[in-house]
Amino acid sequence: MEFTLIVLLVIALALFFDFTNGFHDTANAMATPIATGALKPKTAVLLAAILNLIGAFLSTEVAKTISGGLINEGDGGVLISPEMVFAGLIGAIVWNLVTWLYGLPSSSSHALFGGLIGAAIVGAGFSAINGGVFLSKVLLPALAAPLTAGIVAFAATRVAYAITRRHDGRKDGRGRFRYAQIASSSLIALAHGTNDAQKTMGVITLTLVAAGLQTPGTGPHFWVIATCAIAIALGTYSGGWRIIRTLGAGLTDVKPAQGFAAETSTAATILASTHLGFALSTTQVASGSVIGSGLGRKGSTVRWRTVGRIASGWLFTLPAAAIVGAVAALIAHIGFWGIIIDAVLGLCFILFIFWRSRRNKVDAGNAIAVPDVAESGYAVRMGKGRVKKVPTKTGTVPPLTPVAQSAVRSDKAKRAAEKARREAEKARRDAEKAARKAAKKAAQQRREEGTE
């Protein structure tokens, strides 16, 4: 009875982790289209939720990496028990919620790996970890994926701006990239479902194998796939607005063409990694793409201090989650009541985090400042190139942001230069006309003098 209850608790906690993964990583797909105004915030998260749900059914390669690769299977079965999986999940959830509270787009994937590794080491020693799989399918992709995505996004941004450049004073058409962003961000959401949802499937499958309820080396059952798909979709729909704010406006000011380049780079990297069974961090890939696109657009500024904060979060994710998972595993060693203590402590921490988040609430209404969204098209001269000041709930008009102020100054400078050019052209024509008139008059005077 106790053993069955532990397995059920592990499955429930795994699905809750899947839920946190969803709202933690919504920003990967939807931060840039929300920032550029391509999609309304609530429409964006609904679209991402649906595509995450669909994507979860498309592949199980990453799930197999976790359920049958990362944790060794010995003669006596898998070298980890359901209690240890439970402790590892606590480590992952704790880190996910802490980074979400501070708006840091850390890796839910690496939090999960860290928690499981810490718990497995406490439960079965270092021999429980397959070092080769960890190095080839977790650690190396963690280093290579964001760099690769950043380089691809940099090149794609350069190409996008090069092919839309105009020299005749007409609109460059870059605002049309907003429509393309709907497709590219949708592709990321689909790719996210094919990669991140698989990790929870792998954890539940690992638990079932460890409990002797499933044959080692087999993939996840359909009910596991379905429940994980629903959990991550619900988490995605809940928003994760704090991290959307960081990726959408904290790293760099995203414009439509730039956002499209970042999104396509992210989607391509995630889909390629999913096909190879690499359990990479979609968050790291998305962040690398946004940074690369920021470097690729002339005139944009990458906020390196924010990049440093995010990189620090990446660096500490694995060890921090592993430490929490190890502590939870030590408590779980007490037995059934150790699991109960872990569950109570975990629940208290979750409630505290959500209570703390209410003190500085971030939602669909303030994740990306209204002027930022309204002005995103202005910076690339969409339509008439006007900033639409949107009244707030209090009736006041938000002041222009530094981005808008820069755009306004640039626009005024261009208008002044164009006016000066027209005046100079008019002065030149007037001078030529006056010169022709003077020459004509002089010629006429000479003719008259000759006649006399």
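When we follow the working numbering, the leftmost residue of the sequence shown carries the number 54, and every step to the right adds one. Glycine included, every Cβ here is placed at the ideal spot set by N, Cα and C. Please read all numbers here as calculations on a predicted model, not as lab measurements.
Check: Boundaries (first-last residue) of the alpha helix (DSSP H) holding Asn-105; Outcome: 94 to 108
Check: First through last residue of the alpha helix (DSSP H) which encompasses Tyr-155; Outcome: Careful: Tyr-155 lies outside any alpha helix (DSSP H) and carries neither H nor E.
Check: Sufficient close CB pairs (3 or more, under 8 angstroms) joining the segment 230 to 238 to the segment 305 to 320; Outcome: yes
Check: Integer Cβ distance of His-245 from Asn-105, believed to fall under 8 angstroms; Outcome: 6 angstroms
Check: Beta-carbon gap between Gly-203 and Ile-344 smaller than 7 angstroms; Outcome: yes
Check: Rounded separation between Arg-295 and Leu-61 - CA only; Outcome: 31 angstroms
Check: Integer-rounded CB distance, given that Ala-172 should sit under 8 angstroms from Ala-396; Outcome: In fact, because the Cβ distance is near 15 angstroms, the residues do not count as touching under 8 angstroms.
Check: Counted within 10 angstroms of its Cβ, other Cβ atoms place Trp-153 as buried (16 or more) or exposed; Outcome: buried
Check: DSSP three-state assignment for Ile-387, whether helix, strand or coil; Outcome: coil
Check: Buried or exposed by the 16-neighbour rule on C-beta atoms within 10 Å, applied to Gln-337; Outcome: buried
Check: Separation of Glu-478 from Arg-468, as counted between CA atoms; Outcome: 15 angstroms
Check: 6 angstroms Cβ shell around Gln-267 - same chain, five flanking residues per side excluded; Outcome: Leu-261
Check: Lys-95 beta carbon less than 7 angstroms from that of Ser-162; Outcome: no
Check: Other residues of its chain near Ala-339: CB distance less than 6 angstroms, five sequence neighbours each side excluded; Outcome: Asn-81, Thr-319
Check: Cβ neighbour criterion (16 or more within 10 Å) applied to Thr-359; Outcome: buried
Check: Pairwise C-alpha distance: Phe-369 and Leu-157; Outcome: 12 angstroms
Check: Phe-70 versus Ala-263: straight-line alpha-carbon distance, rounded; Outcome: 19 angstroms
Check: Minimum C-alpha distance to Val-205 - residue among Cys-281, Ala-286, Ser-410, Gly-341; Outcome: Gly-341
Check: The segment 166 to 185 in contact with the segment 374 to 391 per 3-pair CB rule at 8 angstroms; Outcome: yes
Check: Beta-carbon proximity check, Gly-293 vs Phe-76, cutoff 7 angstroms; Outcome: yes
Check: Check whether Asn-248 and Ile-323 have beta carbons under 7 angstroms apart; Outcome: yes
Check: Sub-7 angstroms separation of Pro-135 and Val-212 beta-carbons; Outcome: no
Check: Terminal residues of the alpha helix (DSSP H) in which Ser-234 lies; Outcome: Sequence inspection shows Gln at residue 234; the Ser mentioned does not correspond to that position. Segment 230 to 263, the alpha helix (DSSP H) holding Gln-234.
Check: Selection from Ala-208, Leu-58, Asp-483, Met-137 that minimises the alpha carbon distance to Ala-177; Outcome: Met-137
Check: Secondary structure of Lys-493, DSSP reduced to three states; Outcome: helix
Check: Environment of Pro-372 [buried if 16+ CB atoms lie within 10 Å]; Outcome: exposed
Check: Limits of the unbroken alpha helix (DSSP H) element including Gln-337; Outcome: 335 to 349
Check: Beta-carbon proximity of Gly-167 to Ala-325, cut-off 7 angstroms; Outcome: no
Check: Residue burial classification, Ser-365 (beta-carbon count within 10 angstroms, cutoff 16); Outcome: exposed
Check: Ala-492, buried or exposed, once every other Cβ within 10 Å from all chains shown has been counted against 16; Outcome: exposed
Check: Unbroken alpha helix (DSSP H) run spanning His-163, endpoints; Outcome: 161 to 177
Check: Outcome for Cys-401 when other beta-carbon atoms lying within 10 angstroms are tallied against a minimum of 16; Outcome: exposed
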